[in-house]
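Report on the following structure.
Chains as they are written, first to last, in this note's numbering: chain A, -8 to 353; chain B, -8 to 353.
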């Protein structure tokens, strides 16, 4: 199949550029104490996860949902999975316990409620579930307060039958996207002091803290260079997007939204068939790849309205590519990724964990 | 199944409120020359489309993509389908021609290129494809210029073997969302003059213009009240969202995103498990239903971070519901809708046309 034959809208991966990203990240962690735990949520695509693990330097995979972990296990990917998110709600803990029978699973916990729920499911299934205590390092989302609160929770996890305390995590999501490294680095280091001092406190109380997990694409070589951090949860580096491209990172944009021009009603504008259902806009509108002077004005459900310089020759039937601003929710809109080498489609990779798999078959 | 047993995040439809919306819209069009052509893109859910058609006053269904039309036909919904969008790109015209063998299909065209592409596919499949000329009424997206340009294209469509000129359409998408009806109504009427004068010009040249299609939820009783408009393409009215709720419309919000509270790290904030992959934010953050003083601060991939009044008792494991700002891309994130009556799940409706069905099975 040729690139020109792909029905649009569709996501296209430059397979060679993606592999270079994977290799660059693996090269960074080679020879270091800290390793990588690639975040599966970024792409939800087993074929990509396999390539990330194959490059080595990985402690396992990170997932954001139980459903993602279920897909990883169902695909036969044998590695340790960290669900770096609180698992709360009907059926969730039981699903984790079922996974723990088949694979090595570690789950983030930040409350007594979450710990008790998991422990009950673990005991019912006669398994042990690994736990990392999720420490709030400054981002207002999840995570228990650093210091005594976090250590107390870790202590109770360590004493709870069914749970196995594995370590601690903290995600500095509020600093990973800061454009200027001179600003980003000290702020990341400061947030990580909250995690590392909490780890030290816990170890001082005799608690086992083997995993110290943190970081993202924007801080892989800042957080990843700190003594005591054992792994980095980076995801976006593998395909990149315009938001991360604004940072000074050695990774290439390898994912674009392929679209067909539907209409060129006026010289200064065209409409293409990639809209809100093909490309997420939470980090801003996508950029137009390789068309000088072109810019996306707005997306509607099935359209990108694009401003064009008058001399641009784009006409109905022509193809364009858009660089998304945020790959995670963009990939989640599609059922497959088309891996290309130049004009050739070399593979079609299912986005197997797209959506919420518990809804399928209902 | 009870509401409390639904795995989250999930979309919940108040089935009775939805039916009241359907009945109110049907009541408006009863006894009028103008009818409704409900837009399937809003929900992509055959079970909802069936209820819309059952209420009567419909000329058929509107779709935005060939894939949506394929799902409607595959589901055995026998009605005329208007693909109110340009169909351009590899395989698309052939798919329309295949549908035209099994169902009544009308497609929007705004260029010679689009007309020629459809005509070739129609002749190859030995079918005739209905066409409406898409007239630009002011929204910068698709549509040929009103007046002579549009009429000339209509004339060529009428002469083209394989194509059957059925009429004209124009979507006033730039005015449907204006909050104040006193502002919205005259602007909608003015945009519609462009369509109606073009229709008159075409008829004066002897061209058959039976369908004059326009309008949306915000203008159903403005555009729909104009002499000469034969149908309104409203979609959002059936479930509504916070964007349309700001208008003075007689429809109820009937769709919410059900979420579970994961964490309450501080009294002033909680995190719930509905993020960017469960709820679109292109029209703004969702609103929190029924929790006084609560507001969404931001969504990340799998989290809503919500500001709470200190006295609010929400804790991990509790449920909340979010009102989305834009239903179309929100529903497209899910595989099913849970139809509820109070605390009972009365049905689970597949979002059968979610995503791009041409990607499935690849």
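A virtual CB, placed ideally from N, CA and C, is assigned to each residue, including glycine.
For this session: List the whole-angstrom C-beta distance separating residue 359 of chain B from residue 78 of chain B, where the pair is believed to meet the contact cut-off of C-beta under 8 Å.
Result: The shown model of chain B, from -8 to 353, leaves out residue 359 of chain B, and the question about it has no answer.
Exercise. Apart from the five residues just before and just after residue 236 of chain B, which ones in its own chain have a Cβ nearer than 6 Å to its Cβ?
Worked result: Translated into the one-based positions of the second chain, residue 236 of chain B becomes position 245. Correct list, in chain order: 244.
For this session: Taking the CB atoms as reference points, tell me whether residue 318 of chain A and residue 246 of chain A lie closer together than 9 Å.
Result: Taking the first chain and counting its residues from 1, the one referred to as residue 318 of chain A is at position 327. Taking the first chain and counting its residues from 1, the one referred to as residue 246 of chain A is at position 255. Closer than 9 Å, so yes.
Exercise. Chain A partners of residue 77 of chain B, CB-CB under 7 Å?
Worked result: One-based indexing of the second chain puts residue 77 of chain B at position 86. Result: 253, 254.
For this session: Just the chain A side, please: which residues come within less than 7 Å of residue 246 of chain B by C-beta, in chain order?
Result: Here residue 246 of chain B refers to the residue found at position 255 of the second chain. Within 7 Å Cβ-Cβ: nothing; residue 246 of chain B doesn't reach chain A, min ~15 Å.
For this session: Could you run through the segment 126 to 148 of chain A and flag, in chain order, every residue whose CB is less than 8 Å away from some CB of chain B?
Result: Interface annotation for the segment 126 to 148 of chain A against chain B: 127, 131, 132, 133, 134, 135, 136, criterion Cβ-Cβ distance under 8 Å.
Exercise. Using a beta-carbon distance cut-off of less than 8 Å, what residues from the segment 31 to 56 of chain B approach chain A?
Worked result: Within the segment 31 to 56 of chain B, the qualifying residues are 32, 55, 56.
Exercise. What's the gap between the Cα of residue 10 of chain B and the Cα of residue 47 of chain B?
Worked result: Taking the second chain and counting its residues from 1, the one referred to as residue 10 of chain B is at position 19. Taking the second chain and counting its residues from 1, the one referred to as residue 47 of chain B is at position 56. When rounded, the distance between both Cα atoms is 13 Å.
Problem set entry | Close Cβ partners of residue 308 of chain A (< 8 Å) along its chain, the five nearest in sequence each way excluded | In the first chain, residue 308 of chain A corresponds to position 317, counting from 1. Beyond the five residues adjoining it in sequence on each side, residue 308 of chain A comes within less than 8 Å, by CB distance, of 251, 252 in the same chain, given in chain order.
Problem set entry | Of the residues B:24, B:223, B:256, the one placed nearest residue 129 of chain A, counting alpha carbons only | If you number the first chain from 1, residue 129 of chain A lands on position 138. Measuring from the Cα of residue 129 of chain A, the nearest candidate turns out to be B:256.
For this session: For residue 92 of chain B, I'd like the list of residues in its chain whose CB is within less than 6 Å of its CB, leaving aside the five on either flank, ordered along the chain.
Result: Residue numbering aside, residue 92 of chain B sits at position 101 when the second chain is read from its first letter. So the qualifying residues of the chain are 118.
Exercise. So with Cβ pairs under 9 Å, would you call residue 235 of chain A a contact of chain B?
Worked result: What you label residue 235 of chain A is simply residue 244 of the first chain in a count that begins at 1. False, the Cβ-Cβ gap to chain B never drops below 9 Å.
Exercise. In terms of residues, what are the limits of the alpha helix (DSSP H) holding residue 104 of chain B?
Worked result: Taking the first residue of the second chain as 1, we reach residue 104 of chain B at position 113. Here the alpha helix (DSSP H) through residue 104 of chain B covers 103 to 115.
Exercise. How do the segment 203 to 222 of chain B and the segment 266 to 285 of chain B stand: do at least 3 beta-carbon pairs fall below 8 Å, yes or no?
Worked result: With the rule of 3 Cβ pairs closer than 8 Å, the segment 203 to 222 of chain B does not count as touching the segment 266 to 285 of chain B.
For this session: Note down, one range per segment and in chain order, each beta strand (DSSP E) of at least 3 residues found wholly within the segment 252 to 331 of chain B.
Result: Runs of the beta strand (DSSP E) inside the segment 252 to 331 of chain B: 260 to 263, 286 to 291, 294 to 298, 310 to 314.
Exercise. What is the rounded straight-line gap between the Cα of residue 178 of chain B and the Cα of residue 184 of chain B?
Worked result: Locating residue 178 of chain B in the second chain gives position 187, where the first residue counts as 1. Locating residue 184 of chain B in the second chain gives position 193, where the first residue counts as 1. Residue 178 of chain B and residue 184 of chain B have their alpha carbons spaced roughly 10 Å apart.
Problem set entry | Nearest-angstrom Cα separation, counted from residue 61 of chain A out to residue 190 of chain A | The residue given as residue 190 of chain A occupies position 199 in the first chain. The residue given as residue 61 of chain A occupies position 70 in the first chain. Distance between the alpha carbons of residue 190 of chain A and residue 61 of chain A is about 30 Å.
For this session: Could you name the residues of chain A that residue 323 of chain B contacts, counting a contact when the two beta carbons are closer than 9 Å?
Result: Looking up residue 323 of chain B in the second chain gives position 332. Near residue 323 of chain B (Cβ distances below 9 Å), the residues of chain A are 267, 268, 292, 324.
For this session: Sort out for me which residues DSSP pairs residue 355 of chain B with in a bridge.
Result: Absent from the model: residue 355 of chain B. The displayed extent of chain B is -8 to 353, so no value can be given.
Exercise. By how many angstroms is the C-alpha of residue 147 of chain A removed from the C-alpha of residue -1 of chain A?
Worked result: Working through the first chain from its first residue, we reach residue -1 of chain A at position 8. Working through the first chain from its first residue, we reach residue 147 of chain A at position 156. CA-CA distance, residue -1 of chain A to residue 147 of chain A, rounds to 52 Å.
For this session: For chain A, find out if any of its Cβ atoms is closer than 9 Å to the Cβ of residue 111 of chain B; answer yes or no.
Result: Position 120 of the second chain, counting from 1, holds the residue named residue 111 of chain B. By the rule that beta-carbons nearer than 9 Å mark a contact, residue 111 of chain B does not touch chain A.
Exercise. Comparing the C-beta of residue 224 of chain B with each C-beta of chain A, is any distance below 9 Å?
Worked result: For this step, residue 224 of chain B is matched to residue 233 along the second chain. Residue 224 of chain B does not count as touching chain A.
For this session: For the segment 5 to 30 of chain A, enumerate the residues whose C-beta is nearer than 9 Å to any C-beta of chain B, in chain order.
Result: None of the residues of the segment 5 to 30 of chain A has a beta carbon lying less than 9 Å from any beta carbon of chain B.
Exercise. For residue 137 of chain A, is the classification buried or exposed, using 16 other Cβ atoms within 10 angstroms of its Cβ as the cut-off for buried?
Worked result: Position 146 of the first chain, counted from the start, is the residue given in the question as residue 137 of chain A. Counting every other CB atom within 10 Å of its CB across the protein chains shown gives residue 137 of chain A a total of 16 or more, marking it as buried.
Exercise. Rounded to a whole number of angstroms, what is the C-alpha to C-alpha distance between residue 44 of chain A and residue 20 of chain A?
Worked result: Taking the first chain and counting its residues from 1, the one referred to as residue 44 of chain A is at position 53. Taking the first chain and counting its residues from 1, the one referred to as residue 20 of chain A is at position 29. So the two alpha carbons sit approximately 13 Å from each other.
For this session: Could you list which residues in chain A have their beta carbon closer than 7 Å to that of residue 262 of chain B, in chain order?
Result: Numbered from 1 along the second chain, position 271 holds the residue referred to as residue 262 of chain B. Here the neighbours are 132, 133.
Problem set entry | Any C-beta of chain A under 9 Å from that of residue 272 of chain B | Along the second chain, one-based indexing puts residue 272 of chain B at 281. Closer than 9 Å to some Cβ of chain A, the Cβ of residue 272 of chain B qualifies, so yes.
Exercise. Would you report the Cα separation of residue 122 of chain A and residue 265 of chain A, rounded to the nearest angstrom?
Worked result: If you number the first chain from 1, residue 122 of chain A lands on position 131. If you number the first chain from 1, residue 265 of chain A lands on position 274. Looking at the two C-alpha atoms, the distance is approximately 41 Å.
Exercise. Residue 214 of chain A by DSSP, collapsed to three states: which one?
Worked result: As a first step, residue 214 of chain A must be located in the first chain, where it is residue number 223. Three-state DSSP puts residue 214 of chain A in a helix.
Exercise. So who's on the other strand from residue 100 of chain B, going by DSSP bridges?
Worked result: In the second chain, residue 100 of chain B corresponds to position 109, counting from 1. Under DSSP, residue 100 of chain B shares a beta bridge with B:124.
For this session: Could you work out which residues of chain A lie near residue -5 of chain B, taking near to mean beta carbons separated by less than 8 Å?
Result: Against the second chain, residue -5 of chain B aligns to sequence position 4. Chain A residues near residue -5 of chain B: 81.
For this session: Please check if any C-beta of chain A sits within less than 9 Å of the C-beta of residue 102 of chain B.
Result: For this step, residue 102 of chain B is matched to residue 111 along the second chain. It does: the Cβ of residue 102 of chain B has a partner Cβ on chain A nearer than 9 Å.
Exercise. Sorted by chain position, which residues of the same chain lie with C-beta nearer than 6 Å to residue 371 of chain A's C-beta, five sequence neighbours on each side aside?
Worked result: Lying outside -8 to 353, the shown extent of chain A, residue 371 of chain A is not represented and no answer is given.
Exercise. Can you give the Cα-Cα distance for residue 159 of chain A and residue 99 of chain B, rounded to whole angstroms?
Worked result: Reading the first chain from its first residue, position 168 is the one you call residue 159 of chain A. Reading the second chain from its first residue, position 108 is the one you call residue 99 of chain B. One alpha carbon belongs to residue 159 of chain A, the other to residue 99 of chain B, and they sit about 57 Å apart.
Problem set entry | Cβ neighbour criterion (16 or more within 10 Å) applied to residue 171 of chain A | On the first chain, position 180 is the one that residue 171 of chain A refers to. Classification for residue 171 of chain A: exposed.
Problem set entry | Inter-residue spacing [alpha-carbon to alpha-carbon] between residue 149 of chain B and residue 156 of chain B | Taking the first residue of the second chain as position 1, residue 149 of chain B is located at position 158. Taking the first residue of the second chain as position 1, residue 156 of chain B is located at position 165. Between the alpha carbons of residue 149 of chain B and residue 156 of chain B lies a distance of about 5 Å.
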